[in-house]
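Number of protein chains: 2
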Amino acid sequence: MTLETRASEGREVAATDTRFSINQATIKHASLPDAVRTVADAGLASIGLWREPVAEFGLAASARLVRESGLRVSSLCRGGFFTVPEGPARRAAIDENRRAIEETATLGAPALVLVAGGLPEGSRDLAGARARVGDALAELVDDALAAGVTLAIEPLHPMYVADRAVVSTLGQALDLAEPFPAEAVGVVVDTFHVFWDPAVEQQIARAGAAGRIASYQVCDWNLPIAADPLLSRGYPGDGHVDFERITRAVAAAGYEGDVEVEIFNQQVWDTDPAAAVRITVERYRELVHPFL
Amino acid sequence: MTLETRASEGREVAATDTRFSINQATIKHASLPDAVRTVADAGLASIGLWREPVAEFGLAASARLVRESGLRVSSLCRGGFFTVPEGPARRAAIDENRRAIEETATLGAPALVLVAGGLPEGSRDLAGARARVGDALAELVDDALAAGVTLAIEPLHPMYVADRAVVSTLGQALDLAEPFPAEAVGVVVDTFHVFWDPAVEQQIARAGAAGRIASYQVCDWNLPIAADPLLSRGYPGDGHVDFERITRAVAAAGYEGDVEVEIFNQQVWDTDPAAAVRITVERYRELVHPFL
Numbered sequence: 090m091t092l093e094t095r096a097s098e099g100r101e102v103a104a105t106d107t108r109f110s111i112n113q114a115t116i117k118h119a120s121l122p123d124a125v126r127t128v129a130d131a132g133l134a135s136i137g138l139w140r141e142p143v144a145e146f147g148l149a150a151s152a153r154l155v156r157e158s159g160l161r162v163s164s165l166c167r168g169g170f171f172t173v174p175e176g177p178a179r180r181a182a183i184d185e186n187r188r189a190i191e192e193t194a195t196l197g198a199p200a201l202v203l204v205a206g207g208l209p210e211g212s213r214d215l216a217g218a219r220a221r222v223g224d225a226l227a228e229l230v231d232d233a234l235a236a237g238v239t240l241a242i243e244p245l246h247p248m249y250v251a252d253r254a255v256v257s258t259l260g261q262a263l264d265l266a267e268p269f270p271a272e273a274v275g276v277v278v279d280t281f282h283v284f285w286d287p288a289v290e291q292q293i294a295r296a297g298a299a300g301r302i303a304s305y306q307v308c309d310w311n312l313p314i315a316a317d318p319l320l321s322r323g324y325p326g327d328g329h330v331d332f333e334r335i336t337r338a339v340a341a342a343g344y345e346g347d348v349e350v351e352i353f354n355q356q357v358w359d360t361d362p363a364a365a366v367r368i369t370v371e372r373y374r375e376l377v378h379p380f381l
Numbered sequence: 090m091t092l093e094t095r096a097s098e099g100r101e102v103a104a105t106d107t108r109f110s111i112n113q114a115t116i117k118h119a120s121l122p123d124a125v126r127t128v129a130d131a132g133l134a135s136i137g138l139w140r141e142p143v144a145e146f147g148l149a150a151s152a153r154l155v156r157e158s159g160l161r162v163s164s165l166c167r168g169g170f171f172t173v174p175e176g177p178a179r180r181a182a183i184d185e186n187r188r189a190i191e192e193t194a195t196l197g198a199p200a201l202v203l204v205a206g207g208l209p210e211g212s213r214d215l216a217g218a219r220a221r222v223g224d225a226l227a228e229l230v231d232d233a234l235a236a237g238v239t240l241a242i243e244p245l246h247p248m249y250v251a252d253r254a255v256v257s258t259l260g261q262a263l264d265l266a267e268p269f270p271a272e273a274v275g276v277v278v279d280t281f282h283v284f285w286d287p288a289v290e291q292q293i294a295r296a297g298a299a300g301r302i303a304s305y306q307v308c309d310w311n312l313p314i315a316a317d318p319l320l321s322r323g324y325p326g327d328g329h330v331d332f333e334r335i336t337r338a339v340a341a342a343g344y345e346g347d348v349e350v351e352i353f354n355q356q357v358w359d360t361d362p363a364a365a366v367r368i369t370v371e372r373y374r375e376l377v378h379p380f381l
């Protein structure tokens, strides 16, 4: 394995891992400093952060901590949740997203991941909720441009359509992004959420051609579906996703950014963070990196 | 409520209910004779049957029983499960489907519902499995034509893609059906499985224009997802499906066949069959029939 030197620190990073990022949700029981240290000690180049632990540690302190670690921040999770109709709740959601954009810029992350939100309480109007996602993007696009941050719309698996994300396919996310400049609005390709889609390769190619792949996230689709369906994500190789097929499509589409592993899984969370990162790196090297 | 007379029996059927069918899975703990009697006693016109209880009661006896009840058989569940590669298991699956086609004809049902099957054990090759669904249809289409039975491909919600059905969208089901005559290969529109799809109305219109809507099934998408995700189906009105939107689309597409309610749900199964049918009829009258 060839090695290269990371300029900021002089530490060595395996060349396979220069685009590899651990999303801190994968080791969610580690504090922010512990997560940063664990990822840096594993010789990785990048980390994906979440707003809540950043807020807890302090935004400026978090930005300094990560900068001094030599890690890049691949993305910030997350904004969105703006499917409610006009009113105080919607205004609060838009304001919250403006703050999230600022935080993303402060952390030096290229992308803010957006989870659209589900159907408003008691509503069955998917078309209306989906239209309001587009309206929210229109309100936020100037802030994103000014901050140099890409709003990364994450289509979620259709099993979350009612309660978490009315954006269910990559094609739909791209339709929502299309009216806006590619540097301001892109999409997340998350294997767990899109692997089932018969159009996934075609839509990845479309996203690449439009310069809109803002993040590539890899994790597996485990069965049985966990009692809390959010926790069905697994280490690459433990489930049913064909990482070669999707990774080749993402590479062929010209994506050159970081590749994030984000796993919500009780068993992974119960593992020592350093061990969980080690397993994740092994799986990435075997199942993802060869096809990038 | 206007009433009309059912010719075969002289019993009265409410005009709202002349296209309404209870799939026997909704009252799965009733024996076949009990299920037929319960549905007929509720004044309904049609019942959807399953192969296993029909086999248990005897095919000829089942056909006679239903005929004498005055009910139509709206569909037979189910064929399919033919995603395995060539070999003895695939041959057995094709043979089984041939038997199912014959049974459908014997029962006088217009459609045999097909659930494609998931990924073969250890495989992650969705494209290959999907192609083999097309191959199976090509093998079965002459039998279907000869028997006067429509093979009704049922796209299943993408949460079942790995373990039950690699056909995940209506668009994909229509792509699979397209090479074959519409009288031989159609699709099932099941609200639970397709309501999330941003393209659902467009694909229902496409299905109708091609004369390929072989069955319309209504049931709700309940949350939380049940521990056994197959049992997340609910009475119309209990979950998040917009029945008006989808029913209007199905009606506008020209569908004039039976409307089946098929609910897999432990609580519904624990209800007295006659009571479960009564609730189902009420929900159908309120939430589905007005938009047909």
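Keeping their order, the protein sequence lines are chains V and Y. Numbers 90 to 381, taken from our numbering, label the letters of the first sequence in order. Numbers 90 to 381, taken from our numbering, label the letters of the second sequence in order. Backbone N, C-alpha and C define an ideal beta-carbon position, used for all residues, glycine too. Given the structure is predicted, the values throughout are model-derived calculations rather than measurements.
CB of GLN261(Y) within 7 Å of CB of PRO177(V), strictly: no
Classification of SER120(V) by the beta-carbon crowding that lies within 10 angstroms, buried from 16 upward: exposed
Residue environment, PRO247(V), which counts as buried when at least 16 other CB atoms sit within 10 Å: buried
Per-residue DSSP class, three states only, for VAL399(V): The displayed coordinates of chain V run from 90 to 381. Any statement about residue 399(V) would go beyond what the structure contains.
Residue-chain proximity (ALA338(Y), chain V), Cβ-Cβ < 7 Å: no
In chain order, each beta strand (DSSP E) run of at least 3 residues that lies wholly inside the region 111 to 160 of chain V: 135 to 139
For TYR305(Y), the three-state DSSP class (helix, strand or coil): strand
Contact residues within the region 118 to 145 of chain V, judged by C-beta distance below 7 Å to chain Y: none
Burial state of GLY99(V), where buried means 16 or more other Cβ atoms lie within 10 Å: With a pLDDT of 41 at GLY99(V), under the threshold of 50, the predicted position of this residue should be treated as unreliable, and no value is reported.
THR258(V): contacting residues in chain Y (beta-carbon distance under 7 Å): PRO287
ALA365(V) to ASP359(V) span [Cα, whole Å]: 9 Å
Whole-Å CB distance - ILE368(V) paired with TYR324(V), under 8 Å assumed: 6 Å
Sufficient close CB pairs (3 or more, under 8 Å) joining the region 296 to 314 of chain V to the region 266 to 273 of chain V: yes
C-alpha gap between ILE136(V) and VAL128(V), whole angstroms: 7 Å
Proximal residues of chain Y, C-beta to C-beta of ARG35(V) below 7 Å: Any property of residue 35(V) remains undetermined from this structure, which presents chain V solely from 90 to 381.
Per-residue burial, ASP331(V) [other beta carbons within 10 Å of its own, 16 or more giving buried]: buried
Spatial distance of ALA273(V) from HIS282(V) (CA atoms): 22 Å
ILE111(Y) versus ASP347(Y): straight-line alpha-carbon distance, rounded: 10 Å
Own chain partners of LEU376(Y) with C-beta closer than 6 Å, once the 5 adjacent residues on each side are dropped: PRO325, GLY326, PHE332
N- and C-terminal bounds of the alpha helix (DSSP H) containing ALA189(V): 177 to 195
PHE109(Y) classed as buried or exposed, judged by whether at least 16 other C-beta atoms fall within 10 angstroms: buried
Cutoff 7 Å: LEU312(Y) Cβ touching any chain V Cβ: yes
7 Å Cβ cutoff met for ALA254(V) and VAL202(V): no
Listed by chain order, chain V residues near HIS246(Y) by CB distance under 8 Å: PRO247, MET248
Contacts that GLU226(V) makes with chain Y (C-beta to C-beta distance below 7 Å): In the sequence under discussion, the amino acid at residue 226(V) is Leu, which differs from the Glu named in the question. Correct list: empty, because the minimum Cβ distance to chain Y is about 16 Å.
Interface residues of chain V facing GLN355(Y) [CB-CB closer than 8 Å]: Chain V residues near GLN355(Y): none, gap ~15 Å exceeds 8 Å.
Coarse secondary structure for VAL357(V), derived from DSSP in three states: helix
Residue from GLU290(Y), LEU208(Y), ARG126(Y) with nearest C-alpha to PRO362(Y): ARG126(Y)
Rounded separation between LEU160(V) and VAL250(Y) - CA only: 37 Å
Beta-carbon contacts of VAL238(V) that lie in its chain and below 6 Å, excluding the five residues immediately before and after: ILE190, THR193, ALA194, LEU201
Any chain V beta carbon closer than 7 Å to GLN261(Y): yes
C-beta contact flag for VAL162(Y) and LEU133(Y) at 7 Å: no
Whether PHE380(V) touches ARG322(V) by CB criterion (7 Å): no
Strand pairing of GLU351(V), partner residues [DSSP]: None, per the DSSP bridge assignment.
Exposure label - GLY206(Y); buried when at least 16 CB within 10 Å: buried
Start-to-end residues for the beta strand (DSSP E) that takes in ALA200(Y): 200 to 204
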